[in-house]
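K.L.:
Okay, so the sequence shown: first residue is 1 according to this note's numbering, each after it adds one.
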Amino acid sequence: MKKIYFNHDGNIDDLVSYLLLLQAPDIELLGVSAIDADGYVDPAVEACRKMTDRFNLRNDDIEIAKSNSRAVNQFPHEWRLAAYSFNYLPILNEPGKIITKQANLPAHLDIIEKLNAADEPITLVMTGPLTDLARALDTDPAIEKKIKKLYWMGGSLNGHGNVMLVNADGTQEWNAFWDPYAVKRVFDTNIPIQMVGLESTEELPIDDKLRQHWASLRKYPAIDLVGQAYSLLVSVPEAKLYLWDVLTVISSLFPEVVETREAKASVITDGLAAGRLVEEENGRQITLVTRAHKDKFFERVDQLLKSAKLK
């Protein structure tokens, strides 16, 4: 049985990813934590606690850890508000109380505790910045050997980023830009990394066809939650949104949904290109997701969400 620790940064895609992990068969979910990045951390932690109460039917005794890591470059305020909206959705608040606890330790120390307590190397799934892992490695370098593999949503190897600010040249992806030094710290390890970059999900846009698909299946409580959640996200046509985080989680559970290639990459930590990942011969080995098999992907997503039962 695969043992997984999930660290995310609290926006809609991250929270839906957690909902999917709560339904995943044949895994043990050792820990969950949220970092104050693409979504505000307090409502993100609270939303995860509520989802655990409502949708966790396994025996995993889950507590949600709150990160105290801080940004080198913070996400735009307008993007981060979605965590509050998600946390207010009626299906999560119907019980009127929260049972799932917040962990006593901050996220990076929670990671160390869960890794050291595990009786075998575990799988890390991270859909936000790598800062909590970098801090955990700085605090206890020995945990590197306790990590079987890291699945990370972040970066881009084709030079097309999504950071449009005066202090960035547009070549970097936001999770890497949030803390470029953390990316370097993790890349300096020997942890096997599978990366879902901006270029990995072109087959999986969030569009009206997908929204209608979820609407047609709203009799399933988890799909109703997902449909309402993504209705909170509005983007201009030229700034398309894709299921980056969800693909990261699904590919960690079902490898057959993606195609990959091996690459060598390094990260730029300073200047206008800070956070850019560069493919070069002396870079560290990573596995880059190059394509998603759309039909297989949505078959797995629908299967998991349909299986969810409300508590």
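Even for Gly, the Cβ is constructed at its ideal location relative to N, Cα and C.
Would you grab the beta carbon distance between M1 and L22 for me? Rounded to a whole angstrom, and I think it's under 8 angstroms.
P.N.:
Contact flag wrong, Cβ pair sits at about 16 angstroms.
K.L.:
Should K240 go down as buried or exposed, given a rule of 16 or more other Cβ atoms within 10 Å for buried?
P.N.:
Under this definition K240 is an exposed residue.
K.L.:
For R284, I'd like the list of residues in its chain whose CB is within less than 6 angstroms of its CB, leaving aside the five on either flank, ordered along the chain.
P.N.:
The residues are F187.
K.L.:
Under three-state DSSP, which class holds G275?
P.N.:
G275 falls in the coil class under three-state DSSP.
K.L.:
Have a look at L15 and A44 and give me their C-alpha separation to the nearest angstrom.
P.N.:
Looking at the two C-alpha atoms, the distance is approximately 8 angstroms.
K.L.:
Taking Cβ positions, are A136 and A103 nearer each other than 8 angstroms?
P.N.:
Contact: no.
K.L.:
With a cut-off of 8 angstroms on the beta carbons, I'd call G99 and D60 a contact; round off their distance for me.
P.N.:
A small fix is needed here, since residue 99 is Ile in this sequence, not Gly. Not quite, the Cβ-Cβ distance comes to about 14 angstroms (not below 8 angstroms), so this is no contact.
K.L.:
Please report the Cβ distance between I35 and D13, rounded to the nearest whole angstrom; I am assuming they are in contact, meaning their Cβ atoms lie under 8 angstroms.
P.N.:
Not confirmed; about 14 angstroms, so no contact.
K.L.:
What does a CB cutoff of less than 7 angstroms around E262 pick up in its chain, not counting 5 residues either side in sequence?
P.N.:
Hits under 7 angstroms: Q285, T287.
K.L.:
Report the CB separation of N7 from A107 in whole angstroms; it is logged as a contact under 8 angstroms.
P.N.:
Sure, about 6 angstroms apart at Cβ, within 8 angstroms.
K.L.:
With distance defined between alpha-carbon atoms, name the residue in V32, F75, S85, Y18 nearest to I62.
P.N.:
Selected option, being the one with the closest Cα: V32.
K.L.:
Could you tell me the alpha carbon to alpha carbon distance between K264 and L157, rounded to whole angstroms?
P.N.:
If I take the Cα positions, the gap works out to 10 angstroms.
K.L.:
Once DSSP output is grouped into helix, strand and coil, what is the label at E199?
P.N.:
Looking at E199 - three-state DSSP - the assignment turns out to be helix.
K.L.:
Beta-carbon within less than 7 angstroms of Y84's beta-carbon, same chain only, minus the 5 sequence neighbours each way: which residues are those?
P.N.:
Excluding positions up to five away in sequence, the list reads Y40, P43.
K.L.:
Whole angstroms are fine: how far does the CA of G197 sit from the CA of K294?
P.N.:
Using only the alpha carbons, I get a separation of about 16 angstroms.
K.L.:
Check whether the segment 270-277 and the segment 169-178 are in contact - that is, three or more C-beta pairs closer than 8 angstroms.
P.N.:
The segment 270-277 is in contact with the segment 169-178.
K.L.:
Starting from E262, follow the beta strand (DSSP E) in both directions and report where the run begins and ends.
P.N.:
That run of the beta strand (DSSP E) goes 258-267.
K.L.:
Nearest-angstrom Cα distance between E259 and G96?
P.N.:
For E259 and G96, the distance between alpha carbons rounds to 43 angstroms.
K.L.:
What are the start and end residues of the alpha helix (DSSP H) that includes V301?
P.N.:
Note, V301: alpha helix (DSSP H), 294-307.
K.L.:
Quick one: using the 10 Å Cβ neighbour count with 16 as the cut-off for buried, is D110 buried or exposed?
P.N.:
Label assigned to D110: buried.
K.L.:
Between E199 and A292, which are expected to be in contact by the criterion C-beta below 8 angstroms, what is the C-beta distance as a whole number of angstroms?
P.N.:
In fact, because the Cβ distance is near 11 angstroms, the residues do not count as touching under 8 angstroms.
K.L.:
Over the uninterrupted alpha helix (DSSP H) stretch that includes K184, give me the two end residues.
P.N.:
Segment 180-187, the alpha helix (DSSP H) holding K184.
K.L.:
L92: which of V166, S67, Q228, I268 sits nearest, CA to CA?
P.N.:
L92 has its Cα closest to that of Q228, out of V166, S67, Q228, I268.
K.L.:
Just to confirm the assignment: which complete alpha helix (DSSP H) runs, minimum length 4, are found wholly within the segment 40-95?
P.N.:
Those alpha helix (DSSP H) runs which fall completely within the segment 40-95 and span 4+ residues are 41-55, 77-80, 82-87, 90-93.
K.L.:
Should D132 be labelled buried (16 or more other beta-carbon atoms within 10 Å of its own) or exposed?
P.N.:
The residue in question, D132, is buried, as its Cβ has 16 or more Cβ neighbours within 10 Å.
K.L.:
Quick check for students: name the residue ranges of the beta strand (DSSP E) that lie wholly in the segment 97-147, counting only runs of 3 or more.
P.N.:
As far as the segment 97-147 is concerned, its whole beta strand (DSSP E) runs of at least 3 residues are 122-126.
K.L.:
Can you tell me whether V301 is buried or exposed? The criterion is at least 16 other CB atoms within 10 Å of its CB, across all chains shown.
P.N.:
Buried, because 16 or more other Cβ atoms sit within 10 Å of the Cβ of V301.
K.L.:
Tell me which same chain residues have a C-beta within less than 6 angstroms of the C-beta of S307, skipping the five on either side of it?
P.N.:
So the qualifying residues of the chain are Q23.
K.L.:
Along the alpha helix (DSSP H) that carries H213, what are the first and last residues, could you check?
P.N.:
Per DSSP, H213 belongs to the alpha helix (DSSP H) from 208-216.
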